[in-house]
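Since the structure comes first, as C-alpha coordinates, the remarks are kept for the end.
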Amino acid sequence: MGSDAESRGGSPSHYKRKRDSASPSRPKPRQEDYDELPQPYNARSLQPAKRRALSPSAQPPRQKRPGRRAQISGAEREAIRQRQLEREREAAAAEAAEAERLRHRGINDVVKEHYNNVPERGRDWRKTDSKIRGLRSFNNWVKSCIIQRFSPDDDATAGPGSSKRLLVLDIGCGKGGDLQKWQQAPQGVELYVGLDPADVSIDQARERYRQMASRGGRGGHRGRPPPRLFDGRFLVKDCFGESIADVDIVRQVGFDPSPMNKDGFDVVSMMFCMHYAFESEEKARTMLKNVAGALTKGGRFLGCIPNSDVLSERVRRFNAENPAKKKQGDQPDAAAVEAKAKEDGEEKEEGEAEEEEEGEVERGAEWGNTIYRVRFPGPTPEDGVFRPAYGWKYSYFLDEAVEGVPEYVVPWEAFRALAEDYNLELQYHKTFTDVWETEKNDRDLGPLSERMGVRERGGGDLLVSPEEMEAAAFYVAFCFYKV
(Lines of atoms letter the chains of each structure in order from A and count residues from 1; the text may use other names and numbers.)
(Lines give C-alpha, C1' and ligand atoms only; values in the text may rest on other atoms or scores of the structure.)
Protein backbone atom coordinates (compact mmCIF):
# COMPACT_ATOMS: atom_id res chain seq x y z
CA MET A 1 0.00 0.00 0.00
CA GLY A 2 1.45 3.43 -0.98
CA SER A 3 2.09 6.30 1.41
CA ASP A 4 -0.22 9.32 1.80
CA ALA A 5 2.09 11.33 -0.43
CA GLU A 6 1.92 8.69 -3.11
CA SER A 7 -1.82 8.78 -2.98
CA ARG A 8 -1.71 12.43 -3.97
CA GLY A 9 0.32 11.63 -7.10
CA GLY A 10 3.86 12.50 -5.86
CA SER A 11 6.75 10.97 -3.86
CA PRO A 12 8.83 12.22 -0.86
CA SER A 13 11.94 12.54 -3.04
CA HIS A 14 10.04 14.68 -5.52
CA TYR A 15 9.00 17.20 -2.81
CA LYS A 16 12.62 17.19 -1.42
CA ARG A 17 14.16 17.89 -4.77
CA LYS A 18 11.76 20.76 -5.25
CA ARG A 19 12.76 22.35 -1.96
CA ASP A 20 16.55 21.86 -2.43
CA SER A 21 16.83 22.98 -6.04
CA ALA A 22 18.20 26.60 -6.01
CA SER A 23 19.62 27.76 -9.31
CA PRO A 24 22.69 30.14 -9.14
CA SER A 25 21.52 31.80 -12.36
CA ARG A 26 18.15 32.88 -10.86
CA PRO A 27 17.20 36.44 -12.15
CA LYS A 28 17.39 39.41 -9.76
CA PRO A 29 14.06 40.28 -8.18
CA ARG A 30 12.23 43.33 -9.42
CA GLN A 31 11.28 46.30 -7.22
CA GLU A 32 7.57 45.44 -7.34
CA ASP A 33 8.42 42.03 -5.98
CA TYR A 34 10.01 43.69 -2.92
CA ASP A 35 6.90 45.79 -2.39
CA GLU A 36 4.91 42.62 -1.69
CA LEU A 37 7.37 41.41 0.92
CA PRO A 38 7.28 42.55 4.60
CA GLN A 39 9.02 45.93 4.92
CA PRO A 40 11.13 47.30 7.78
CA TYR A 41 9.16 49.10 10.53
CA ASN A 42 8.66 52.83 9.77
CA ALA A 43 6.52 54.68 12.33
CA ARG A 44 6.12 57.72 10.09
CA SER A 45 4.37 55.72 7.41
CA LEU A 46 1.83 54.10 9.73
CA GLN A 47 -1.86 54.66 8.92
CA PRO A 48 -4.63 54.67 11.52
CA ALA A 49 -5.99 51.15 12.14
CA LYS A 50 -9.31 50.37 10.53
CA ARG A 51 -12.26 49.92 12.90
CA ARG A 52 -13.47 46.31 12.99
CA ALA A 53 -16.98 45.75 11.76
CA LEU A 54 -19.34 44.13 14.28
CA SER A 55 -20.17 40.53 13.51
CA PRO A 56 -23.80 40.02 12.43
CA SER A 57 -23.91 36.74 14.38
CA ALA A 58 -25.41 36.54 17.87
CA GLN A 59 -23.07 37.55 20.62
CA PRO A 60 -22.15 34.91 23.20
CA PRO A 61 -23.91 35.29 26.54
CA ARG A 62 -22.09 37.15 29.20
CA GLN A 63 -20.58 34.84 31.73
CA LYS A 64 -21.64 35.24 35.32
CA ARG A 65 -18.87 35.90 37.77
CA PRO A 66 -18.25 32.98 40.13
CA GLY A 67 -20.41 33.26 43.23
CA ARG A 68 -22.79 35.81 41.73
CA ARG A 69 -26.52 34.96 42.16
CA ALA A 70 -29.08 35.18 39.36
CA GLN A 71 -31.00 38.39 39.50
CA ILE A 72 -34.59 36.93 39.99
CA SER A 73 -37.13 38.87 41.92
CA GLY A 74 -39.16 37.39 44.75
CA ALA A 75 -42.31 37.57 42.64
CA GLU A 76 -40.65 35.57 39.85
CA ARG A 77 -39.46 32.95 42.33
CA GLU A 78 -43.00 32.67 43.74
CA ALA A 79 -44.45 32.31 40.23
CA ILE A 80 -41.97 29.49 39.50
CA ARG A 81 -42.90 27.78 42.76
CA GLN A 82 -46.62 28.06 42.00
CA ARG A 83 -46.12 26.59 38.51
CA GLN A 84 -44.24 23.66 40.03
CA LEU A 85 -46.99 23.11 42.61
CA GLU A 86 -49.62 23.22 39.85
CA ARG A 87 -47.72 20.60 37.84
CA GLU A 88 -47.51 18.39 40.92
CA ARG A 89 -51.24 18.79 41.58
CA GLU A 90 -52.09 17.92 37.97
CA ALA A 91 -49.84 14.84 38.13
CA ALA A 92 -51.44 13.72 41.40
CA ALA A 93 -54.95 14.25 39.99
CA ALA A 94 -54.10 12.26 36.86
CA GLU A 95 -52.67 9.46 38.98
CA ALA A 96 -55.77 9.39 41.19
CA ALA A 97 -58.06 9.37 38.15
CA GLU A 98 -56.15 6.46 36.64
CA ALA A 99 -56.29 4.54 39.92
CA GLU A 100 -60.06 5.14 40.10
CA ARG A 101 -60.48 4.00 36.51
CA LEU A 102 -58.55 0.80 37.21
CA ARG A 103 -60.55 0.20 40.38
CA HIS A 104 -63.84 0.56 38.50
CA ARG A 105 -62.55 -1.65 35.71
CA GLY A 106 -61.58 -4.24 38.31
CA ILE A 107 -65.13 -4.36 39.71
CA ASN A 108 -66.58 -4.54 36.20
CA ASP A 109 -64.23 -7.39 35.37
CA VAL A 110 -65.26 -9.27 38.53
CA VAL A 111 -68.95 -8.99 37.64
CA LYS A 112 -68.38 -9.85 33.98
CA GLU A 113 -66.19 -12.84 34.83
CA HIS A 114 -68.74 -14.13 37.33
CA TYR A 115 -71.64 -14.11 34.87
CA ASN A 116 -69.48 -15.51 32.10
CA ASN A 117 -68.61 -18.46 34.37
CA VAL A 118 -72.16 -19.28 35.51
CA PRO A 119 -72.91 -22.56 33.71
CA GLU A 120 -75.90 -22.83 31.40
CA ARG A 121 -77.67 -25.90 32.81
CA GLY A 122 -80.76 -25.77 30.66
CA ARG A 123 -84.46 -25.21 31.17
CA ASP A 124 -85.21 -28.78 32.27
CA TRP A 125 -82.66 -28.61 35.09
CA ARG A 126 -84.04 -25.27 36.29
CA LYS A 127 -87.54 -26.77 36.38
CA THR A 128 -86.68 -30.03 38.16
CA ASP A 129 -83.25 -30.26 39.84
CA SER A 130 -82.49 -26.70 40.98
CA LYS A 131 -82.56 -26.18 44.75
CA ILE A 132 -84.10 -22.73 44.18
CA ARG A 133 -86.52 -23.66 41.40
CA GLY A 134 -89.40 -22.07 43.33
CA LEU A 135 -87.52 -18.76 43.59
CA ARG A 136 -86.50 -18.91 39.93
CA SER A 137 -90.11 -19.48 38.88
CA PHE A 138 -91.40 -16.73 41.14
CA ASN A 139 -88.88 -14.14 39.92
CA ASN A 140 -89.58 -15.03 36.30
CA TRP A 141 -93.32 -14.71 36.89
CA VAL A 142 -92.86 -11.22 38.40
CA LYS A 143 -90.84 -10.15 35.35
CA SER A 144 -93.58 -11.52 33.11
CA CYS A 145 -96.14 -9.47 35.06
CA ILE A 146 -94.18 -6.26 34.46
CA ILE A 147 -93.81 -7.01 30.75
CA GLN A 148 -97.48 -7.92 30.40
CA ARG A 149 -98.67 -4.83 32.27
CA PHE A 150 -96.36 -2.08 31.01
CA SER A 151 -94.75 -3.03 27.70
CA PRO A 152 -97.79 -2.30 25.45
CA ASP A 153 -98.51 1.19 24.17
CA ASP A 154 -101.45 2.87 25.88
CA ASP A 155 -103.51 2.70 22.68
CA ALA A 156 -102.24 -0.68 21.48
CA THR A 157 -104.55 -3.46 20.36
CA ALA A 158 -103.89 -6.61 22.35
CA GLY A 159 -102.67 -9.73 20.62
CA PRO A 160 -100.11 -10.68 17.98
CA GLY A 161 -102.24 -9.09 15.24
CA SER A 162 -101.58 -5.59 16.56
CA SER A 163 -100.76 -3.19 13.74
CA LYS A 164 -97.83 -1.56 15.55
CA ARG A 165 -95.12 -3.80 16.92
CA LEU A 166 -92.71 -2.90 19.71
CA LEU A 167 -89.04 -1.98 19.58
CA VAL A 168 -87.40 -3.32 22.75
CA LEU A 169 -83.95 -2.61 24.22
CA ASP A 170 -82.89 -5.05 26.96
CA ILE A 171 -79.91 -3.63 28.90
CA GLY A 172 -78.12 -6.33 30.87
CA CYS A 173 -79.85 -9.08 28.90
CA GLY A 174 -77.46 -11.75 30.20
CA LYS A 175 -78.00 -15.17 28.65
CA GLY A 176 -81.32 -14.15 27.10
CA GLY A 177 -83.53 -15.44 29.90
CA ASP A 178 -86.34 -13.02 29.02
CA LEU A 179 -86.55 -13.76 25.29
CA GLN A 180 -89.57 -16.02 25.71
CA LYS A 181 -91.30 -13.44 27.92
CA TRP A 182 -90.98 -10.87 25.15
CA GLN A 183 -92.22 -13.40 22.62
CA GLN A 184 -95.39 -13.68 24.73
CA ALA A 185 -95.83 -9.90 25.19
CA PRO A 186 -99.43 -8.66 24.66
CA GLN A 187 -98.25 -6.32 21.90
CA GLY A 188 -96.06 -8.04 19.33
CA VAL A 189 -92.33 -7.27 19.25
CA GLU A 190 -90.72 -6.20 15.97
CA LEU A 191 -87.12 -5.76 17.16
CA TYR A 192 -85.33 -6.95 20.29
CA VAL A 193 -81.82 -5.61 21.03
CA GLY A 194 -79.92 -7.24 23.90
CA LEU A 195 -76.83 -5.53 25.36
CA ASP A 196 -74.56 -6.95 28.06
CA PRO A 197 -70.88 -6.49 29.04
CA ALA A 198 -70.33 -10.27 29.42
CA ASP A 199 -69.29 -11.69 26.05
CA VAL A 200 -69.94 -15.34 26.96
CA SER A 201 -73.44 -14.44 28.12
CA ILE A 202 -74.11 -12.68 24.81
CA ASP A 203 -72.99 -15.79 22.90
CA GLN A 204 -75.41 -17.89 24.95
CA ALA A 205 -78.22 -15.40 24.33
CA ARG A 206 -77.60 -15.65 20.56
CA GLU A 207 -77.72 -19.44 20.79
CA ARG A 208 -80.99 -19.33 22.75
CA TYR A 209 -82.48 -17.04 20.11
CA ARG A 210 -81.35 -19.42 17.32
CA GLN A 211 -83.04 -22.31 19.10
CA MET A 212 -86.26 -20.30 19.39
CA ALA A 213 -86.09 -19.47 15.68
CA SER A 214 -85.51 -23.11 14.72
CA ARG A 215 -88.62 -24.33 16.55
CA GLY A 216 -90.78 -21.37 15.52
CA GLY A 217 -91.33 -20.03 19.03
CA ARG A 218 -93.42 -21.46 21.84
CA GLY A 219 -96.73 -20.18 23.03
CA GLY A 220 -100.06 -19.79 21.35
CA HIS A 221 -102.02 -21.17 24.32
CA ARG A 222 -105.83 -21.19 24.17
CA GLY A 223 -105.67 -22.38 20.58
CA ARG A 224 -103.78 -19.34 19.27
CA PRO A 225 -100.92 -19.96 16.82
CA PRO A 226 -97.42 -19.07 18.06
CA PRO A 227 -96.55 -15.45 17.26
CA ARG A 228 -93.93 -14.62 14.65
CA LEU A 229 -90.46 -14.46 16.19
CA PHE A 230 -89.05 -10.96 16.39
CA ASP A 231 -85.77 -9.78 14.87
CA GLY A 232 -83.08 -10.25 17.55
CA ARG A 233 -79.69 -8.48 17.86
CA PHE A 234 -77.14 -9.21 20.60
CA LEU A 235 -74.11 -7.04 21.31
CA VAL A 236 -71.39 -6.77 23.96
CA LYS A 237 -71.65 -3.33 25.58
CA ASP A 238 -71.04 -1.69 28.96
CA CYS A 239 -74.15 0.48 29.25
CA PHE A 240 -73.18 2.01 32.62
CA GLY A 241 -69.64 3.10 31.82
CA GLU A 242 -70.13 4.50 28.31
CA SER A 243 -72.74 5.89 25.96
CA ILE A 244 -74.72 3.51 23.75
CA ALA A 245 -75.18 6.22 21.11
CA ASP A 246 -72.34 4.64 19.10
CA VAL A 247 -74.13 1.26 18.78
CA ASP A 248 -75.26 1.05 15.15
CA ILE A 249 -78.68 -0.48 15.73
CA VAL A 250 -79.42 1.98 18.56
CA ARG A 251 -78.45 4.89 16.33
CA GLN A 252 -80.62 3.54 13.51
CA VAL A 253 -83.66 3.28 15.77
CA GLY A 254 -82.96 6.74 17.19
CA PHE A 255 -81.01 8.09 20.17
CA ASP A 256 -82.00 11.46 21.64
CA PRO A 257 -82.24 12.23 25.39
CA SER A 258 -84.51 15.24 24.80
CA PRO A 259 -88.21 14.92 25.69
CA MET A 260 -89.18 15.67 22.09
CA ASN A 261 -87.61 12.51 20.67
CA LYS A 262 -90.23 10.79 18.50
CA ASP A 263 -87.88 8.04 17.35
CA GLY A 264 -86.30 5.50 19.65
CA PHE A 265 -87.37 2.31 21.43
CA ASP A 266 -90.80 1.77 22.91
CA VAL A 267 -89.41 -0.12 25.92
CA VAL A 268 -86.08 -0.24 27.75
CA SER A 269 -85.82 -3.17 30.16
CA MET A 270 -83.25 -3.57 32.94
CA MET A 271 -83.85 -6.70 35.02
CA PHE A 272 -81.66 -7.46 38.07
CA CYS A 273 -78.67 -5.39 36.94
CA MET A 274 -79.22 -1.66 37.53
CA HIS A 275 -77.68 -1.78 41.02
CA TYR A 276 -74.22 -2.08 39.44
CA ALA A 277 -74.63 1.47 38.09
CA PHE A 278 -74.81 2.93 41.61
CA GLU A 279 -71.12 2.38 42.19
CA SER A 280 -70.79 6.11 41.45
CA GLU A 281 -72.93 9.08 40.48
CA GLU A 282 -71.14 9.23 37.12
CA LYS A 283 -72.19 5.67 36.28
CA ALA A 284 -75.75 6.21 37.48
CA ARG A 285 -76.09 9.30 35.29
CA THR A 286 -74.54 7.53 32.30
CA MET A 287 -77.06 4.71 32.75
CA LEU A 288 -80.04 7.08 32.90
CA LYS A 289 -78.74 9.12 29.98
CA ASN A 290 -78.61 5.91 27.93
CA VAL A 291 -82.14 4.96 28.98
CA ALA A 292 -83.60 8.39 28.24
CA GLY A 293 -81.68 8.69 24.97
CA ALA A 294 -82.88 5.31 23.72
CA LEU A 295 -86.56 5.82 24.62
CA THR A 296 -89.13 7.48 22.41
CA LYS A 297 -91.46 10.03 23.97
CA GLY A 298 -93.99 8.02 25.98
CA GLY A 299 -91.65 5.01 26.11
CA ARG A 300 -91.45 2.78 29.19
CA PHE A 301 -88.46 1.98 31.40
CA LEU A 302 -89.05 -1.36 33.20
CA GLY A 303 -86.87 -3.09 35.75
CA CYS A 304 -86.15 -4.94 38.98
CA ILE A 305 -83.65 -3.85 41.63
CA PRO A 306 -82.78 -4.71 45.26
CA ASN A 307 -85.17 -3.11 47.73
CA SER A 308 -83.35 -0.28 49.52
CA ASP A 309 -86.05 -0.26 52.23
CA VAL A 310 -85.11 -3.84 53.13
CA LEU A 311 -81.42 -2.96 53.13
CA SER A 312 -82.00 0.12 55.31
CA GLU A 313 -84.16 -1.74 57.83
CA ARG A 314 -81.75 -4.67 58.07
CA VAL A 315 -78.78 -2.33 58.54
CA ARG A 316 -80.60 -0.30 61.20
CA ARG A 317 -81.62 -3.46 63.03
CA PHE A 318 -78.11 -4.89 62.85
CA ASN A 319 -76.57 -1.72 64.25
CA ALA A 320 -79.15 -1.61 67.05
CA GLU A 321 -78.33 -5.18 68.04
CA ASN A 322 -74.57 -4.65 67.65
CA PRO A 323 -73.66 -1.28 69.21
CA ALA A 324 -70.90 0.47 67.30
CA LYS A 325 -67.45 0.91 68.85
CA LYS A 326 -67.36 4.55 67.92
CA LYS A 327 -68.69 7.86 69.17
CA GLN A 328 -72.44 8.32 69.21
CA GLY A 329 -73.63 10.01 66.01
CA ASP A 330 -70.44 9.29 64.06
CA GLN A 331 -71.84 8.27 60.69
CA PRO A 332 -69.61 6.58 58.10
CA ASP A 333 -69.98 7.36 54.45
CA ALA A 334 -69.39 5.22 51.38
CA ALA A 335 -65.95 6.71 50.68
CA ALA A 336 -64.78 6.07 54.24
CA VAL A 337 -65.96 2.47 54.08
CA GLU A 338 -64.16 1.98 50.77
CA ALA A 339 -60.94 3.46 52.19
CA LYS A 340 -61.21 1.25 55.26
CA ALA A 341 -61.68 -1.81 53.07
CA LYS A 342 -58.55 -0.89 51.11
CA GLU A 343 -56.53 -0.53 54.32
CA ASP A 344 -57.70 -3.90 55.55
CA GLY A 345 -57.18 -5.60 52.18
CA GLU A 346 -59.70 -7.32 49.99
CA GLU A 347 -62.87 -8.75 51.44
CA LYS A 348 -62.43 -12.12 53.12
CA GLU A 349 -63.66 -15.21 51.34
CA GLU A 350 -66.84 -16.97 52.44
CA GLY A 351 -66.18 -18.97 55.59
CA GLU A 352 -62.79 -17.41 56.28
CA ALA A 353 -62.13 -16.83 59.94
CA GLU A 354 -62.18 -13.23 61.07
CA GLU A 355 -60.51 -11.96 64.21
CA GLU A 356 -61.55 -8.59 65.58
CA GLU A 357 -58.62 -6.69 66.99
CA GLU A 358 -58.97 -4.45 70.00
CA GLY A 359 -60.29 -1.05 68.94
CA GLU A 360 -61.25 -2.26 65.45
CA VAL A 361 -64.53 -1.06 63.92
CA GLU A 362 -67.20 -3.75 64.12
CA ARG A 363 -67.76 -6.00 61.14
CA GLY A 364 -70.42 -4.93 58.67
CA ALA A 365 -74.07 -5.84 58.69
CA GLU A 366 -74.86 -9.36 57.50
CA TRP A 367 -78.00 -11.45 57.19
CA GLY A 368 -79.66 -14.15 55.09
CA ASN A 369 -80.69 -17.80 55.22
CA THR A 370 -79.57 -21.08 53.66
CA ILE A 371 -80.10 -19.91 50.07
CA TYR A 372 -79.08 -16.24 50.11
CA ARG A 373 -76.80 -13.93 52.10
CA VAL A 374 -76.06 -10.20 52.16
CA ARG A 375 -72.88 -8.82 53.75
CA PHE A 376 -71.49 -5.29 54.01
CA PRO A 377 -67.67 -5.16 54.17
CA GLY A 378 -67.50 -2.37 56.76
CA PRO A 379 -69.48 0.01 58.97
CA THR A 380 -72.92 1.12 57.85
CA PRO A 381 -75.13 4.11 58.80
CA GLU A 382 -76.59 3.80 62.30
CA ASP A 383 -80.00 5.00 61.11
CA GLY A 384 -79.95 2.94 57.90
CA VAL A 385 -80.06 6.03 55.68
CA PHE A 386 -77.43 5.74 52.96
CA ARG A 387 -75.72 9.11 52.48
CA PRO A 388 -74.38 9.89 49.92
CA ALA A 389 -76.52 7.82 47.56
CA TYR A 390 -73.63 6.14 45.72
CA GLY A 391 -70.87 3.66 46.44
CA TRP A 392 -72.45 1.59 49.23
CA LYS A 393 -71.05 -1.81 48.33
CA TYR A 394 -72.18 -5.15 49.70
CA SER A 395 -71.66 -8.77 48.68
CA TYR A 396 -74.62 -10.86 47.58
CA PHE A 397 -74.71 -14.65 47.54
CA LEU A 398 -77.51 -16.72 46.03
CA ASP A 399 -77.23 -20.49 45.89
CA GLU A 400 -76.60 -21.80 42.33
CA ALA A 401 -76.71 -18.30 40.87
CA VAL A 402 -74.59 -15.54 42.46
CA GLU A 403 -71.29 -16.18 44.24
CA GLY A 404 -70.60 -13.21 46.48
CA VAL A 405 -70.59 -10.66 43.66
CA PRO A 406 -70.20 -6.98 44.72
CA GLU A 407 -73.44 -5.02 44.37
CA TYR A 408 -74.46 -1.47 45.33
CA VAL A 409 -77.38 -0.04 47.26
CA VAL A 410 -79.88 1.90 45.12
CA PRO A 411 -81.54 4.34 47.55
CA TRP A 412 -85.01 4.51 46.04
CA GLU A 413 -85.86 8.17 46.59
CA ALA A 414 -82.45 9.30 45.33
CA PHE A 415 -82.92 7.16 42.21
CA ARG A 416 -86.44 8.48 41.58
CA ALA A 417 -85.27 12.09 41.93
CA LEU A 418 -82.31 11.48 39.62
CA ALA A 419 -84.58 9.86 37.02
CA GLU A 420 -86.66 13.05 36.91
CA ASP A 421 -83.56 14.92 35.71
CA TYR A 422 -83.79 12.77 32.56
CA ASN A 423 -87.54 13.23 31.98
CA LEU A 424 -88.41 9.82 33.44
CA GLU A 425 -91.59 9.91 35.52
CA LEU A 426 -92.45 7.13 37.98
CA GLN A 427 -95.59 5.10 37.18
CA TYR A 428 -95.20 1.91 39.22
CA HIS A 429 -93.20 0.70 42.22
CA LYS A 430 -94.00 -2.51 44.13
CA THR A 431 -92.15 -5.14 46.11
CA PHE A 432 -92.16 -8.65 44.67
CA THR A 433 -94.43 -9.85 47.48
CA ASP A 434 -96.88 -7.01 46.73
CA VAL A 435 -96.85 -7.95 43.05
CA TRP A 436 -97.84 -11.47 44.03
CA GLU A 437 -100.70 -10.35 46.26
CA THR A 438 -101.96 -7.96 43.58
CA GLU A 439 -101.71 -10.17 40.50
CA LYS A 440 -102.08 -13.78 41.68
CA ASN A 441 -105.83 -13.82 40.96
CA ASP A 442 -105.67 -11.89 37.71
CA ARG A 443 -107.50 -13.50 34.78
CA ASP A 444 -104.29 -13.90 32.77
CA LEU A 445 -101.44 -13.61 35.26
CA GLY A 446 -102.98 -16.03 37.78
CA PRO A 447 -103.05 -18.98 35.35
CA LEU A 448 -99.60 -17.89 34.12
CA SER A 449 -98.24 -18.43 37.65
CA GLU A 450 -99.53 -22.01 37.49
CA ARG A 451 -97.97 -22.69 34.09
CA MET A 452 -94.66 -21.26 35.33
CA GLY A 453 -94.60 -23.46 38.46
CA VAL A 454 -95.20 -20.75 41.05
CA ARG A 455 -98.25 -22.52 42.49
CA GLU A 456 -100.22 -25.67 41.92
CA ARG A 457 -102.90 -25.92 39.26
CA GLY A 458 -106.38 -24.71 39.98
CA GLY A 459 -105.27 -21.89 42.25
CA GLY A 460 -103.53 -24.34 44.57
CA ASP A 461 -100.75 -23.95 47.12
CA LEU A 462 -97.71 -21.78 46.58
CA LEU A 463 -94.72 -23.81 45.38
CA VAL A 464 -92.21 -21.31 46.79
CA SER A 465 -90.64 -22.06 50.19
CA PRO A 466 -90.59 -19.47 53.01
CA GLU A 467 -86.81 -19.09 52.61
CA GLU A 468 -87.27 -18.49 48.87
CA MET A 469 -89.97 -15.90 49.56
CA GLU A 470 -87.62 -14.11 51.97
CA ALA A 471 -85.03 -13.96 49.19
CA ALA A 472 -87.67 -12.72 46.72
CA ALA A 473 -88.75 -9.96 49.12
CA PHE A 474 -85.28 -8.47 48.64
CA TYR A 475 -86.44 -6.99 45.28
CA VAL A 476 -88.83 -4.38 43.88
CA ALA A 477 -90.29 -3.89 40.40
CA PHE A 478 -90.68 -0.48 38.74
CA CYS A 479 -91.85 1.32 35.62
CA PHE A 480 -91.06 4.88 34.47
CA TYR A 481 -92.50 6.73 31.46
CA LYS A 482 -90.45 9.15 29.37
CA VAL A 483 -92.33 12.45 29.38
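Quick note on numbering: full-length UniProt numbering labels position 104 of the sequence shown as 104, and the sequence is numbered without any gaps. Note that the Cβ used here is the ideal one computed from N, Cα and C, for glycine as well.
Measure the C-alpha to C-alpha separation of residue 94 and residue 241 and round it to an integer number of angstroms.
Approximately 19 Å, taken between the alpha carbons.
Segment contact, 8 Å Cβ cut-off, at least three pairs: the segment 256-276 with the segment 296-307
Enough Cβ pairs lie closer than 8 Å, so yes.
How is residue 185 classed by DSSP in three states: helix, strand or coil?
In the structure shown, residue 185 adopts coil according to DSSP, grouped into three states.
C-alpha gap between residue 181 and residue 86, whole angstroms
Straight-line Cα distance between these residues: approximately 57 Å.
For residue 199, which residues from the same chain have a beta carbon less than 6 Å from its beta carbon, with the 5 sequence-adjacent residues on both sides left out?
Excluding positions up to five away in sequence, the list reads 236.
Does the distance from the CB of residue 480 to the CB of residue 425 come in under 8 Å?
Yes; because the gap between Cβ atoms is below 8 Å, this pair is in contact.
Whole-angstrom distance between residue 97 and residue 75, CA atom to CA atom
Whole-angstrom Cα-Cα distance: 33 Å.
Sequence-distant residues of its chain with Cβ nearer than 6 Å to residue 386 (five each side left out):
Taken in chain order, the residues that qualify are 392, 409 and 411.
Straight-line gap, residue 188 to residue 268 (C-alpha atoms, nearest Å):
So the alpha carbons of these two residues sit roughly 15 Å apart.
Applying the 10 Å Cβ sphere with the 16-neighbour rule, what's the burial state of residue 176?
Label assigned to residue 176: buried.
Quick test of the definition: if touching needs 3 or more C-beta pairs under 8 Å, does the segment 412-432 touch the segment 281-290?
Contact between the segment 412-432 and the segment 281-290 is present, because at least three Cβ pairs lie under 8 Å.
Which of helix, strand or coil DSSP assigns to residue 372
Note: residue 372 maps to strand in three-state DSSP.
Alpha carbons only, please: which of 434, 166 and 383 is nearest the one belonging to residue 229?
The shortest CA-to-CA distance from residue 229 to any of 434, 166 and 383 is the one to 166.
Check whether the segment 238-258 and the segment 462-476 are in contact - that is, three or more C-beta pairs closer than 8 Å.
Taking a cut-off of 8 Å for Cβ pairs, the segment 238-258 and the segment 462-476 do not touch, as fewer than three such pairs fall below it.
Taking only three categories from DSSP, how would you classify residue 471?
For residue 471, the three-state secondary structure derived from DSSP is helix.
Along the chain, which unbroken stretches of the beta strand (DSSP E) at least 3 residues long are found entirely within the segment 193-257?
The qualifying runs are 231-236.
Where residue 194 and residue 169 are concerned, what is the direct C-alpha to C-alpha distance, given to the nearest angstrom?
Rounded to whole angstroms, residue 194 to residue 169 spans 6 Å at the Cα level.
Other residues of its chain near residue 284: CB distance less than 6 Å, five sequence neighbours each side excluded
Excluding sequence neighbours, residue 284 sits near 277 and 278.
Own chain partners of residue 245 with C-beta closer than 6 Å, once the 5 adjacent residues on each side are dropped
By the criterion of a C-beta distance shorter than 6 Å, residue 245 is surrounded in its chain by 255, once the five residues flanking it on both sides are discounted.
Presumed contact (8 Å Cβ cut-off) between residue 173 and residue 213, rounded CB distance
Rounded to the nearest angstrom, the Cβ distance from residue 173 to residue 213 is 16 Å, too far for a contact under 8 Å.
Tell me, to the nearest whole angstrom, how far the beta carbon of residue 475 is from that of residue 432; I am working on the premise that it is less than 8 Å.
With 8 Å as the limit, residue 475 and residue 432 qualify as a contact, their Cβ atoms being about 5 Å apart.
What residues match up with residue 273 in a beta bridge as DSSP calls it?
Answer by DSSP bridge pairing: none, since residue 273 is not bridged.
Alpha carbons only, please: which of 466, 462 and 443 is nearest the one belonging to residue 148?
In terms of CA proximity to residue 148, 443 leads the group 466, 462 and 443.
List the endpoints of the continuous beta strand (DSSP E) containing residue 397.
DSSP places residue 397 in the uninterrupted beta strand (DSSP E) bounded by 393-398.
Identify, in the order they occur along the chain, each residue of the same chain with its Cβ nearer than 7 Å to the Cβ of residue 483, setting aside the five sequence neighbours on each side.
Closer than 7 Å at the Cβ level, and outside the excluded window around residue 483, lie 259, 423 and 425.
Tell me, please, which residues DSSP counts as bridged to residue 284.
Paired residue(s): none; residue 284 is not in a bridge.
Report the three-state DSSP secondary structure of residue 379 (helix, strand or coil).
Note: residue 379 maps to coil in three-state DSSP.
Residue 148: first and last residue of the uninterrupted beta strand (DSSP E) it sits in
According to the DSSP assignment, residue 148 belongs to no beta strand (DSSP E) but to the alpha helix (DSSP H) extending over 133-150.
Just the Cα atoms here: how many angstroms apart are residue 328 and residue 399?
Reliability fails at residue 328, whose pLDDT of 46 lies under 50, so the model's placement of it is uncertain and no value is given.
Residue 289 - DSSP class collapsed to helix/strand/coil:
If DSSP states are grouped into helix, strand and coil, residue 289 belongs with the helices.
Measuring CA to CA, which of 375, 429 and 461 is closest to residue 441?
If we check each option's Cα against that of residue 441, 461 comes out closest.
Give me, in chain order, the residues of the same chain whose beta-carbon lies closer than 8 Å to that of residue 190; leave out the 5 immediate sequence neighbours on both sides.
For residue 190, same chain residues with a beta-carbon under 8 Å away, outside a window of 5 residues either side, are 165, 166, 167, 230 and 231 in chain order.
For residue 482, which beta-bridge partners are listed by DSSP?
In the DSSP assignment, residue 482 is bridged to 424.
Does the distance from the C-beta atom of residue 299 to that of residue 266 stay below 8 Å?
Between residue 299 and residue 266, the C-beta spacing is below 8 Å.
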